[in-house]
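Top to bottom, those sequences are chains A and B.
FYI, in numbering that gives the first Met the number 0 the residues of the first sequence are 0 to 134.
FYI, in numbering that gives the first Met the number 0 the residues of the second sequence are 0 to 250.
Data block below; observations after.
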Amino acid sequence: MSGKIRAYTISLLGGVALAGCAGSPVPPPTDQVSNASAAIERAQQAGAHEFAALEITRAQRKLDQAKAMAGSDDEDERLQARRLAEQAAVEARLAEATARLAGTRNLHQELDRTVDTLRNGGTGAERNSGSEGTL
Amino acid sequence: MKPMIATVLMVSVIALAGCASAPQDDAALAEARDRYQQLANQPAVQSGAPSVLLEAEDALQAAAEAENAGEREHQLYLANQRMAIAQAIGERTRLESRISQLSEERDRLQLQRAQRQTAELESELAALETRRTDRGLLVTLGDVFFDTARASVKSGAANTLDTLAQFMRNNPDQQVVIEGHTDARGPAQYNQQLSEQRAQSVKQSLVARGVESERIMTRGYGESRPIASNQTPGGQQLNRRVEIVFPEMGG
């Protein structure tokens, strides 16, 4: 009979191992979805549609997919939804950072030109040559 | 009994193996770690994006400890995207410090330029017949610039008017008052009118050279303010003049 007990013990261990693998039950990724939505909004405000179209589109698509699977009865789909929402959020933050970088780059270029013009003896402002109206 | 135990054992082992560690993709993880090291060594990234760096580190850690391929891939993705964010923020931090240097440089150059222009113009103005008075800097256009009894400015005044107009254009806040004066020959009322017309005529010449008309005031004083005797031709000639006053300068 000791063999039977051992069999039970082993099968119990196997069960525990399997359960530990699957992890605790996956809740619907509500926080992750709202995080991603907020990040997308911030990115849009930073001009992502103009300066980081690829990133913001990818973020939006992943968020849509996450929303579609978030309420699924299937554990795997909810896990997948959570990952997609997390990826959407990080993608949106990248879109925001890219957009802000583009804005700063433009400012830098403009200033660089202004300083260059000034060094070469120009006005550094919009060139209004005095050709008009000077008799 | 024995085969059953063997089966259960095997299932457990397979379960544990599947759980423990996903098929090793060390290359991708090592690559991400290298990238992380390079990023973390950049001062602009350290100072501009410390929290994103930490988040990337967390994801790298999570990827290393992931229990299956899906989770590992997910964490690696997060780690790489966070590093891209940190890189963008670092680049922006670098540009911003460059921008503040450039702004200072621009301000310095603009100031230098303005000072040089002012100095140039003041020396040009000084070459004209100027006097510093308590009303401001005064430039006199003598009667040689007007035909007798005519208001229009003669072409000989062009260089003087060019200089004055240039000075006004370069000093947009500078106002100017143009005052016409005559000698005492002829009726006072006629002289009054002629002095007003001459002042007006000088104003038109400046406006034609690009000076805003709102910045130019004109007055006619006729024969009321002589600066020399009206009894001699020389005195009369001095009295026939247009005075251009720049208030707030040299007061």
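Idealized CB from N, CA, C, for every residue including glycine.
Small disclaimer: the values here were computed from a predicted structure and weren't measured.
Tell me, please, whether the CB atom of residue i is closer than 8 angstroms to any CB atom in chain B?
i: Met0 of chain A; result: Unreliable positioning characterises Met0 of chain A in this predicted model, as indicated by a pLDDT of 48, which lies under 50. The coordinate reading is nonetheless provided below. Chain B, which has no Cβ nearer than 8 angstroms to the Cβ of Met0 of chain A, makes this no.
i: Arg104 of chain A; result: yes
i: Glu40 of chain A; result: no
i: Thr56 of chain A; result: no
i: Val25 of chain A; result: no
i: Glu90 of chain A; result: yes
i: His48 of chain A; result: no
i: Leu53 of chain A; result: no
i: Asp111 of chain A; result: yes
i: Thr138 of chain A; result: An answer regarding residue 138 of chain A cannot be provided, because it is not within the stretch 0 to 134 covered by chain A.
i: Glu85 of chain A; result: yes
Taking only the alpha-carbon atoms, compute the straight-line gap between residue i and residue j and give it to the nearest angstrom.
i: Phe166 of chain B; j: Ala39 of chain B; result: 55 angstroms
i: Ala251 of chain B; j: Pro27 of chain A; result: The structure shown does not extend to residue 251 of chain B, since chain B is modelled only from 0 to 250, so the question has no answer here.
i: Asp172 of chain B; j: Leu136 of chain B; result: 15 angstroms
i: Arg208 of chain B; j: Leu110 of chain A; result: 31 angstroms
i: Gln80 of chain B; j: Val89 of chain A; result: 6 angstroms
i: Gln86 of chain A; j: Gly47 of chain B; result: 22 angstroms
i: Ile177 of chain B; j: Ile226 of chain B; result: 16 angstroms
i: Thr113 of chain A; j: Ala85 of chain B; result: 29 angstroms
i: Leu93 of chain A; j: Glu104 of chain B; result: 32 angstroms
i: Leu101 of chain B; j: Ala113 of chain B; result: 18 angstroms
i: Ser33 of chain A; j: Gln64 of chain A; result: 14 angstroms
i: Ser44 of chain B; j: Gly89 of chain B; result: The displayed chain sequence assigns Val, not Ser, to residue 44 of chain B. Whole-angstrom Cα-Cα distance: 4 angstroms.
i: Val152 of chain B; j: Asp115 of chain A; result: 42 angstroms
i: Ala55 of chain B; j: Pro49 of chain B; result: 10 angstroms
i: Gln108 of chain A; j: Ala58 of chain B; result: 35 angstroms
i: Tyr220 of chain B; j: Thr139 of chain B; result: 14 angstroms
i: Thr103 of chain A; j: Asp25 of chain B; result: 37 angstroms
i: Ala29 of chain B; j: Tyr35 of chain B; result: 10 angstroms
i: Ile55 of chain A; j: Asp73 of chain A; result: 28 angstroms
i: Ala87 of chain B; j: Gln31 of chain A; result: 23 angstroms
i: Gln37 of chain B; j: Ala101 of chain A; result: 23 angstroms
i: Asn119 of chain A; j: Leu160 of chain B; result: 28 angstroms
i: Gln116 of chain B; j: Leu110 of chain B; result: 10 angstroms
Closest by CA to residue i, which one among the options?
i: Glu213 of chain B; options: B:Val241, B:Lys202, B:Tyr220, B:Gly219; result: B:Lys202
i: Ala67 of chain A; options: A:Gln43, A:Leu83, A:Thr56; result: A:Leu83
i: Glu95 of chain A; options: A:Glu76, A:Val25, A:Ala58; result: A:Ala58
i: Thr29 of chain A; options: A:Gly121, A:Gly70, A:Thr116; result: A:Gly70
i: Met216 of chain B; options: B:Tyr189, B:Leu110, B:Pro246, B:Asn169; result: B:Pro246
i: Arg81 of chain A; options: B:Glu95, B:Ala83, B:Gln74, B:Gln100; result: B:Gln74
i: Gly69 of chain B; options: A:Lys61, A:Glu54, A:Leu78; result: A:Leu78
i: Ala47 of chain A; options: A:His107, A:Gly120, A:Arg99, A:Asp115; result: A:Arg99
i: Ala156 of chain B; options: B:Glu66, B:Ala148, B:Glu128; result: B:Glu128
i: Tyr189 of chain B; options: B:Leu59, B:Arg149, B:Gln116, B:Thr117; result: B:Arg149
i: Ser194 of chain B; options: B:Asn169, B:Thr159, B:Ile243; result: B:Ile243
i: Gln196 of chain B; options: B:Arg218, B:Val175, B:Pro186, B:Glu211; result: B:Arg218
Report yes or no: is there a C-beta of chain A within less than 8 angstroms of the C-beta of residue i?
i: Ile88 of chain B; result: yes
i: Val241 of chain B; result: no
i: Glu30 of chain B; result: no
i: Glu95 of chain B; result: yes
i: Ser20 of chain B; result: Bear in mind that the predicted position of Ser20 of chain B carries a pLDDT of just 48, short of 50, making it unreliable; the figure below should be weighed with that in mind. Not closer than 8 angstroms to any Cβ of chain A, the Cβ of Ser20 of chain B fails to qualify, so no.
i: Ala150 of chain B; result: no
i: Glu213 of chain B; result: no
i: Tyr76 of chain B; result: yes
i: Ala83 of chain B; result: yes
i: Gln60 of chain B; result: no
i: Glu104 of chain B; result: yes
i: Arg91 of chain B; result: yes
i: Gln80 of chain B; result: yes
i: Gln98 of chain B; result: The sequence given here places Ile at residue 98 of chain B; Gln does not occur at that position. Output row for Ile98 of chain B: interface = yes.
i: His73 of chain B; result: yes
i: Leu108 of chain B; result: yes
Would a check of beta-carbon distances place residue i closer than 8 angstroms to chain E?
i: Leu127 of chain B; result: The structure shown has no chain E; the protein chains it does contain are A and B.
Quiz prompt | the segment 118-125 of chain B touching the segment 228-240 of chain B, judged by at least three CB pairs closer than 8 angstroms | solution = Counting Cβ pairs under 8 angstroms, fewer than three are found: no touch.
Quiz prompt | Three CB pairs or more closer than 8 angstroms across the segment 232-245 of chain B and the segment 177-184 of chain B | solution = Under the 8 angstroms Cβ criterion, the segment 232-245 of chain B counts as touching the segment 177-184 of chain B, having at least three qualifying pairs.
Quiz item: Which ranges does the beta strand (DSSP E) cover as unbroken runs of at least 3 residues, wholly within the segment 32-66 of chain B, from first to last along the chain?
Solution: Correct list: empty.
Quiz item: Taking three-plus beta-carbon pairs below 8 angstroms as touching, is the segment 131-150 of chain B in contact with the segment 190-204 of chain B?
Solution: As far as the Cβ criterion goes, the segment 131-150 of chain B touches the segment 190-204 of chain B, which means the pair count is three or higher.
Quiz prompt | Complete alpha helix (DSSP H) runs within the segment 31-109 of chain A (minimum length 4 residues, chain order) | solution = With a minimum length of 4 residues, the continuous alpha helix (DSSP H) runs that stay inside the segment 31-109 of chain A are 47-50, 52-69.
Exercise. Starting from the N-terminal side, write out each stretch of the alpha helix (DSSP H) that is 4 residues or longer and does not extend beyond the segment 119-180 of chain B.
Key: Runs of the alpha helix (DSSP H) inside the segment 119-180 of chain B: 157-169.
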